[in-house]
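*Asks:*
There are 2 protein chains.
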Amino acid sequence: MTAAANQSGRRPTTSRRLERAGIRDVAAAAGVSITTVSDALNGKGRLPDETRSRVREVAERLGYRPSAAARTLRTGRSGLIGLTVTTYGEEPFTFTEFAYFAEMARAATSAALGRGYALVVLPASSRHDVWGNIALDGTVVIDPPDQDPLVSELYRSGVPVVSDGKPGNCPVTAWVDNDHEAAVLGILDHLTESGARRIGLLTGTSTDTYTRLSTDAYLGWCDRVGQEPVYETYPAHDPAAGAVAADRLLARPDRPDAVYGLFDPNGTDLLAAARRYGLRVPDDLLLVCCSESDVYAGTEPPITTLSLKPRRIGTTVVNLLIDAIEGVDSGTGVDVGRLFPPRFRSAGTGPPPGTLMPTELIVRASSQRRSTRTTVSPPRSPGEV
Amino acid sequence: MTAAANQSGRRPTTSRRLERAGIRDVAAAAGVSITTVSDALNGKGRLPDETRSRVREVAERLGYRPSAAARTLRTGRSGLIGLTVTTYGEEPFTFTEFAYFAEMARAATSAALGRGYALVVLPASSRHDVWGNIALDGTVVIDPPDQDPLVSELYRSGVPVVSDGKPGNCPVTAWVDNDHEAAVLGILDHLTESGARRIGLLTGTSTDTYTRLSTDAYLGWCDRVGQEPVYETYPAHDPAAGAVAADRLLARPDRPDAVYGLFDPNGTDLLAAARRYGLRVPDDLLLVCCSESDVYAGTEPPITTLSLKPRRIGTTVVNLLIDAIEGVDSGTGVDVGRLFPPRFRSAGTGPPPGTLMPTELIVRASSQRRSTRTTVSPPRSPGEV
DNA sequence: CGTTCATGGAGAAACGTATCTTCTCCGCTT
DNA sequence: AAGCGGAGAAGATACGTTTCTCCATGAACG
Chain A
1 MTAAANQSGR
11 RPTTSRRLER
21 AGIRDVAAAA
31 GVSITTVSDA
41 LNGKGRLPDE
51 TRSRVREVAE
61 RLGYRPSAAA
71 RTLRTGRSGL
81 IGLTVTTYGE
91 EPFTFTEFAY
101 FAEMARAATS
111 AALGRGYALV
121 VLPASSRHDV
131 WGNIALDGTV
141 VIDPPDQDPL
151 VSELYRSGVP
161 VVSDGKPGNC
171 PVTAWVDNDH
181 EAAVLGILDH
191 LTESGARRIG
201 LLTGTSTDTY
211 TRLSTDAYLG
221 WCDRVGQEPV
231 YETYPAHDPA
241 AGAVAADRLL
251 ARPDRPDAVY
261 GLFDPNGTDL
271 LAAARRYGLR
281 VPDDLLLVCC
291 SESDVYAGTE
301 PPITTLSLKP
311 RRIGTTVVNL
321 LIDAIEGVDS
331 GTGVDVGRLF
341 PPRFRSAGTG
351 PPPGTLMPTE
361 LIVRASSQRR
371 STRTTVSPPR
381 SPGEV
Chain B
1001 MTAAANQSGR
1011 RPTTSRRLER
1021 AGIRDVAAAA
1031 GVSITTVSDA
1041 LNGKGRLPDE
1051 TRSRVREVAE
1061 RLGYRPSAAA
1071 RTLRTGRSGL
1081 IGLTVTTYGE
1091 EPFTFTEFAY
1101 FAEMARAATS
1111 AALGRGYALV
1121 VLPASSRHDV
1131 WGNIALDGTV
1141 VIDPPDQDPL
1151 VSELYRSGVP
1161 VVSDGKPGNC
1171 PVTAWVDNDH
1181 EAAVLGILDH
1191 LTESGARRIG
1201 LLTGTSTDTY
1211 TRLSTDAYLG
1221 WCDRVGQEPV
1231 YETYPAHDPA
1241 AGAVAADRLL
1251 ARPDRPDAVY
1261 GLFDPNGTDL
1271 LAAARRYGLR
1281 VPDDLLLVCC
1291 SESDVYAGTE
1301 PPITTLSLKP
1311 RRIGTTVVNL
1321 LIDAIEGVDS
1331 GTGVDVGRLF
1341 PPRFRSAGTG
1351 PPPGTLMPTE
1361 LIVRASSQRR
1371 STRTTVSPPR
1381 SPGEV
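So the protein lines, in turn, are chains A and B.
Residue 80 in the working numbering sits at position 80 of the first sequence, with consecutive numbering throughout.
Count along the second sequence starting at 1, add 1000, and that's the number in the working numbering.
1. Residue 119 of chain A versus chain B: which residues are under 8 Å apart at the beta carbon?
2. Establish whether the CB of residue 115 of chain A and some CB of chain B are separated by less than 8 Å.
3. State the DSSP-derived secondary structure class of residue 178 of chain A, mapped to helix, strand or coil.
4. For residue 81 of chain A versus residue 141 of chain A, is the C-beta spacing smaller than 8 Å?
5. Which residue wins for smallest C-alpha separation from residue 1180 of chain B, given the options B:1255, B:1353, B:1307, B:1037?
6. Taking CB distances under 8 Å as the criterion, tell me whether residue 1065 of chain B reaches chain A.
7. Give the straight-line distance between the Cα atoms of residue 1103 of chain B and residue 102 of chain A, rounded to the nearest whole angstrom.
8. Using the C-alpha atoms, what's the distance from residue 1030 of chain B back to residue 1037 of chain B?
9. Please list the terminal residues of the continuous alpha helix (DSSP H) segment that includes residue 217 of chain A.
10. Under three-state DSSP, which class holds residue 1057 of chain B?
11. Residue 295 of chain A to residue 58 of chain A, Cα distance in whole Å?
12. Within the segment 1130 to 1214 of chain B, note down every full alpha helix (DSSP H) run reaching 4 residues or more, in order along the chain.
13. Given a cut-off of 8 Å, decide if residue 165 of chain A and residue 210 of chain A are closer than it, judged by their beta-carbon atoms.
14. Could you check whether the Cβ of residue 319 of chain A sits closer than 8 Å to any Cβ belonging to chain B?
15. Have a look at the DSSP bridge pairing and note the partners of residue 1307 of chain B.
16. What are the start and end residues of each continuous beta strand (DSSP E) run of 3 or more residues lying completely inside the segment 1238 to 1316 of chain B, in chain order?
17. Given a cut-off of 8 Å, decide if residue 288 of chain A and residue 304 of chain A are closer than it, judged by their beta-carbon atoms.
18. Is residue 1232 of chain B helix, strand or coil when you go by DSSP?
19. If you drop the 5 nearest sequence neighbours on each side, which residues of the same chain put their C-beta closer than 6 Å to that of residue 152 of chain A?
20. Quick one: what's got a C-beta closer than 6 Å to residue 1155 of chain B's C-beta in the same chain, skipping five residues either side?
21. Using the beta-carbon count (16 or more within 10 Å), is residue 1268 of chain B buried or exposed?
22. Counting contacts by CB-CB distance shorter than 8 Å, is residue 132 of chain A in contact with chain B?
23. Would you say residue 1129 of chain B faces chain A, with C-beta separation under 8 Å as the test?
24. Buried or exposed: residue 292 of chain A, going by 16 or more other Cβ atoms within 10 Å of its Cβ?
25. Rounded to whole angstroms, what is the Cα-Cα separation between residue 1257 of chain B and residue 1359 of chain B?
26. Could you tell me the boundaries of the beta strand (DSSP E) in which residue 118 of chain A lies?
27. By DSSP, does residue 114 of chain A sit in helix, in strand, or in coil?
28. Closer than 7 Å by C-beta to residue 195 of chain A: which residues in its own chain qualify, once you throw out the five before and the five after it? Chain order, please.
29. Looking at the secondary structure, which residues open and close the beta strand (DSSP E) in which residue 1083 of chain B lies?
30. Mapping the DSSP letters down to three states, classify residue 1334 of chain B as helix, strand or coil.
31. Strictly below 7 Å CB to CB, what residues from chain A border residue 1072 of chain B?
32. Which residue or residues does DSSP assign as beta-bridge partners of residue 354 of chain A?
33. Can you find the residues in the same chain that come closer than 7 Å, C-beta to C-beta, to residue 39 of chain A, ignoring five residues on each side of it along the sequence?
34. Can you name the residues of chain A whose CB is closer than 9 Å to the CB of residue 1052 of chain B?
35. Please report the distance separating the alpha-carbon of residue 189 of chain A from that of residue 222 of chain A.
36. Output the distance between the C-alpha atoms of residue 362 of chain A and residue 1275 of chain B, rounded to the nearest integer angstrom.
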C-alpha cells in the first residue's frame, strides 16, 4: 500500500462510524488534494477562484469543521488567552475587587474576541493541574504579587504575560496600570480646592501595587504640603473591617475634614460613619472614594468617585498581549532568527514596557461645597514613564 | 535510517533551538521508550515503581510539560468548556442579568476547575470565527432562545450542551432551571398571607423561559383565585423603561396593594415610584422583587427578594455537563458500541433530562406587615416534572 | 529551439502525544 | 523438557492539520 493510498482512502479495519468529516474527506469529495483544500479554505496558496469556491462549497456541504486541536498542534497557536487574578487565592474572582474585575474582564473578553481570541479564566493556584492542560498563547495577569512563581514560570516557558498592575519583581512582557500617583494627587488637589484643611486616607494593609502607590502618593503629598498624615488601614478583602476602619478614622481626635477611601465600599461606610458622628457631607466632611459602581450617583448626598476605567485597562492589556503574541515576540529565547538575522535586542534585563492610563474623577456633591457638577481628569504628570 | 532511529534521535537539519523538552527528550534522557514515559507520567501501564519515579524525576529535571494540543488531538478531550449567553446579542454578558450571570459564571468556573476543566466565555454571535477555532468538550448555554441555531449546530456535531433555563425547541443534552412556577406561587401565597388583596406584577416583554413561566404562573394563579391580573411589561434590558413601567403600574386606577417585580432593578424602581405616589411600604404597598443583590438588605425599608441561587445553578449545570462528557454520552450517534453492545437507547426524540432547582425567598420588611424576619423556601409542587 | 517563469497543484513531513500490539525474558507448572 | 503466563518495555500507528518542497504544463522570450 503506497503512502498516497494510505493518505486518501483509509479506515480499512474499523467500520466507518458516524464521524465528523475531516479535511481528507473534503479533498476526496472535491477531487483535489489535501493541500488544495487547506489552501482554499485558508485563503493561501495560488489557486484559481473557481477551485477555491468549489472546495469551499464541498466543505460546506459536508459540514466540515477543521479540528482546532490539530491546527493548534501544527501552528503552535491556540487562540486562547488565560486570565487570572493572583493576588487573592482560591476563588477565581474576589469579591472586593468585583466591580473592577468584572468590568475589566468583560472588556478584555470583548477585545480578545474582536481579534479572534477567547479568554479562559483560571485560578492562580492549582498550577499544573489546570494550567498545564491548556494550550495558551498568552496570559493576562491581574495584580501579580512580587515574585509570583506562576508568572515567572509562564514567562520562562515562553508564554507572553501582560499584567494589569505594575509588577513588582516578576518579569512580564508588558504591563498596564493606572497612574495612581497622579490620581491621588488630583484628588488631594480637588479636595484642597474645595476647602479641605486636613485630608485623611482610608487604605489597605496589603502590599499590592495599587495600595502601595496610592498610599505613598498620599504620604509624599502630606510631606510636601506639611500636613500630618491621617489614615487608617484595614484588610481590603474584609468588608466588615472596612466599616470599622471608617469609624475609627472619623473617631480620631485629629479628625480629618476630608477623606479619600481607596476601596469601593468605603463610600457608604464613611457616609454611615459620618452620620453616626453627626457630620454633614459635604459641609463638615468632604468625601471621595474609588469605585466603579454607579450607586454613588444615587446616595444622599451623591459621592464623588474615582474610576480606574477598567474597560480601558482590559482592552489595552489584551491588545498589548495579542500584539506580543502575533508580533516579533520578545520572549526569552524564542527564535525570530529564521526571518530576521540575529540583531541586538534588549535581552531580558531591561524593564518591560509599561503603560500608564489616566483615571477619571467623577465629581459629585460629596466633595464640593459649591454645587457645580463637573467631570475632571487629573493631569498626567509629564515626567512619569 | 530505521524508523526507530528516526523516532529517538531527530532534528537532523535544524540546529537544536531553545525549545521546550518533548516526551522524546525525556525518553532519551531516561533511557527508556516514549511509551514508558507516557505510561509513567500518566499512571498507566505496568511499570515498577522504580522506573516510574525515575522517569518522573527526569521529566521534572527537564522541565517537561506535555503539549496540551497534542494530547487533545490524540485523546479528543481538551478540558475546555464553553460558556455563553445567547439571549441578548453583542456583549458577552448582559447588564440586566449581570448579578445573576456573574454569580452563576463564578460558580460554574469553580465547579469546572474542581473537576479539572476550564471555562471559556464565548459570545453567542460570531459563529465560526471563534467557536470553530476552539476545541470544546462541551458547552453551557444560558437561557437559549427557541430554535437557537448555535445550540442546534453544537448538539448536532456531537458536543454535549447543557442549558441554564429550560430550552424551548433546541435539543440539549440536559437542562437545569429554577422552579419558576413554584417560586411565583410561593411569593403570591406569602403576599396573600401578609394581607395583600390585589397583587400586581412587573414583568418583561421578552419571550425567554424565565419571563414566560413566571408570567404564566401569575396569570394562572389569578385565574384560580379569581383576581383580575394587574401587570405591566417592559423590555427587561432597558433599565430606564423599568422605572417608567413601575410608575405606570402604581398609577393605574386598579392600583395593586402588593407587587412582585421580576427583575433586579424593580425593587428600587418600585420603591421610588411608591414614594412618588405617597405610598408607604409595607403599610400601603407590599413589595417583592427577584434579585441577587444584597443592597436590598439596606434599603429603607429592606426589600424582600427572591434569589434564584445562581451558584447552585452554575454548579449543577457544570456537573451535569461534565458527567455527560465523561460518562456514556447520549449524543447523536457517537459510538458507545465498542464497550457496550448496541442496546435500546432513547434516540433523540425523548425530551432531554431536566432538573428543577428550588429558589429562595428572603423575607424582609417590605413584604410583611408584622416585623418578623424569616427565610422561606417555597414548597416544590410535587407533581411537576 | 532552448530557457525561463508563472500557474496549478500534489507529496510528504512534521506537530507531540496516547495507546494498541508485539516482543523478550524468565520463572513455573505438568 | 516443553509449554505457559506474566512482567516490563519497546514499536509503530493514528489523531487532523499546515506547510515546505517539488513537479508538471504551457506560455513567453531571447
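Glycine included, every Cβ here is placed at the ideal spot set by N, Cα and C.
*Replies:* According to the data block:
1. Indexing the first sequence from 1 puts residue 119 of chain A at position 119. Ordered by position in chain B, the residues that pass the 8 Å Cβ test against residue 119 of chain A are 1120, 1121.
2. Working through the first sequence from its first residue, we reach residue 115 of chain A at position 115. No, residue 115 of chain A does not count as interfacial toward chain B.
3. The count along the first sequence starts at 1 and reaches residue 178 of chain A at position 178. In this structure, residue 178 of chain A counts as strand in the three-state DSSP scheme.
4. In the first sequence, residue 81 of chain A corresponds to position 81, counting from 1. In the first sequence, residue 141 of chain A corresponds to position 141, counting from 1. No, the Cβ-Cβ distance between residue 81 of chain A and residue 141 of chain A is not below 8 Å.
5. The sequence position of residue 1180 of chain B within the second sequence is 180, counting from 1. The shortest C-alpha separation from residue 1180 of chain B is found at B:1307.
6. Along the second sequence, read from residue 1 onward, the residue named residue 1065 of chain B stands at position 65. Taking Cβ atoms only, chain A reaches closer than 8 Å to residue 1065 of chain B, which makes this a yes.
7. Counting from one through the second sequence, the residue named residue 1103 of chain B turns up at place 103. Counting from one through the first sequence, the residue named residue 102 of chain A turns up at place 102. C-alpha separation (whole angstroms): 11 Å.
8. Here residue 1037 of chain B is taken as the residue at index 37 of the second sequence, counted from 1. Here residue 1030 of chain B is taken as the residue at index 30 of the second sequence, counted from 1. Near 8 Å, if we compare the C-alpha coordinates of residue 1030 of chain B and residue 1037 of chain B.
9. As a working note, residue 217 of chain A is residue 217 in the first sequence. First-last of the alpha helix (DSSP H) with residue 217 of chain A: 209 to 225.
10. Indexing the second sequence from 1 puts residue 1057 of chain B at position 57. The answer is helix: DSSP assigns residue 1057 of chain B an H, G or I state.
11. Here residue 295 of chain A corresponds to residue number 295 of the first sequence, with the count starting at 1. Here residue 58 of chain A corresponds to residue number 58 of the first sequence, with the count starting at 1. If I take the Cα positions, the gap works out to 55 Å.
12. 1149 to 1156, 1180 to 1193
13. As a working note, residue 210 of chain A is residue 210 in the first sequence. As a working note, residue 165 of chain A is residue 165 in the first sequence. Contact: yes.
14. Within the first sequence, residue 319 of chain A is the residue found at index 319, counting from 1. Not closer than 8 Å to any Cβ of chain B, the Cβ of residue 319 of chain A fails to qualify, so no.
15. In the second sequence, the residue the question calls residue 1307 of chain B occupies position 307. Beta-bridge pairing links residue 1307 of chain B to B:1360.
16. 1258 to 1261, 1286 to 1290, 1304 to 1307
17. As a working mapping, residue 304 of chain A is identified with position 304 in the first sequence. As a working mapping, residue 288 of chain A is identified with position 288 in the first sequence. Yes, they are a contact pair.
18. As a working mapping, residue 1232 of chain B is identified with position 232 in the second sequence. Residue state, collapsed to three classes: strand.
19. For the purposes of this step, residue 152 of chain A is taken as residue 152 along the first sequence, with counting starting at 1. Same-chain partners within the cutoff: 170.
20. Residue numbering aside, residue 1155 of chain B sits at position 155 when the second sequence is read from its first letter. Cβ within range, chain order: 1161, 1171.
21. Sequence index remark: in the second sequence, residue 1268 of chain B carries index 268 (1-based). Label assigned to residue 1268 of chain B: buried.
22. Taking the first sequence and counting its residues from 1, one reaches residue 132 of chain A at position 132. Cβ-Cβ to chain B under 8 Å: yes for residue 132 of chain A.
23. Here residue 1129 of chain B refers to the residue found at position 129 of the second sequence. Yes, residue 1129 of chain B counts as interfacial toward chain A.
24. By 1-based counting over the first sequence, the position of residue 292 of chain A is 292. Buried.
25. Position 257 of the second sequence, counted from the start, is the residue given in the question as residue 1257 of chain B. Position 359 of the second sequence, counted from the start, is the residue given in the question as residue 1359 of chain B. In a straight line, the C-alpha of residue 1257 of chain B is about 24 Å away from that of residue 1359 of chain B.
26. Numbered from its first residue, the first sequence carries residue 118 of chain A at position 118. 118 to 123 is the extent of the beta strand (DSSP E) around residue 118 of chain A.
27. For the purposes of this step, residue 114 of chain A is taken as residue 114 along the first sequence, with counting starting at 1. Helix, per DSSP.
28. Stepping through the first sequence from its first residue, residue 195 of chain A is reached at position 195. Counting only Cβ-Cβ distances below 7 Å, and skipping sequence neighbours, we find 369.
29. Within the second sequence, the letter at position 83 stands for residue 1083 of chain B. Per DSSP, residue 1083 of chain B belongs to the beta strand (DSSP E) from 1080 to 1085.
30. If you number the second sequence from 1, residue 1334 of chain B lands on position 334. The pLDDT assigned to residue 1334 of chain B is 38, lower than 50, so where the model puts this residue is not dependable, and the model offers no usable value.
31. In the second sequence, counting from the first residue as 1, residue 1072 of chain B sits at position 72. The answer, in chain order, is 69.
32. Position 354 of the first sequence holds residue 354 of chain A. Looking at the DSSP assignment, residue 354 of chain A forms a beta bridge with A:175.
33. Position 39 of the first sequence, counted from the start, is the residue given in the question as residue 39 of chain A. Result list for residue 39 of chain A: 45, 47, in chain order.
34. Your numbering for residue 1052 of chain B matches position 52 in the second sequence. Ordered by position in chain A, no residue passes the 9 Å Cβ test against residue 1052 of chain B, which lies about 17 Å from the chain.
35. Start at 1 with the first residue of the first sequence, and residue 189 of chain A comes out as number 189. Start at 1 with the first residue of the first sequence, and residue 222 of chain A comes out as number 222. Answer to the nearest angstrom: the Cα atoms are 12 Å apart.
36. Taking the first residue of the first sequence as position 1, residue 362 of chain A is located at position 362. Taking the first residue of the second sequence as position 1, residue 1275 of chain B is located at position 275. Straight-line Cα distance between these residues: approximately 28 Å.
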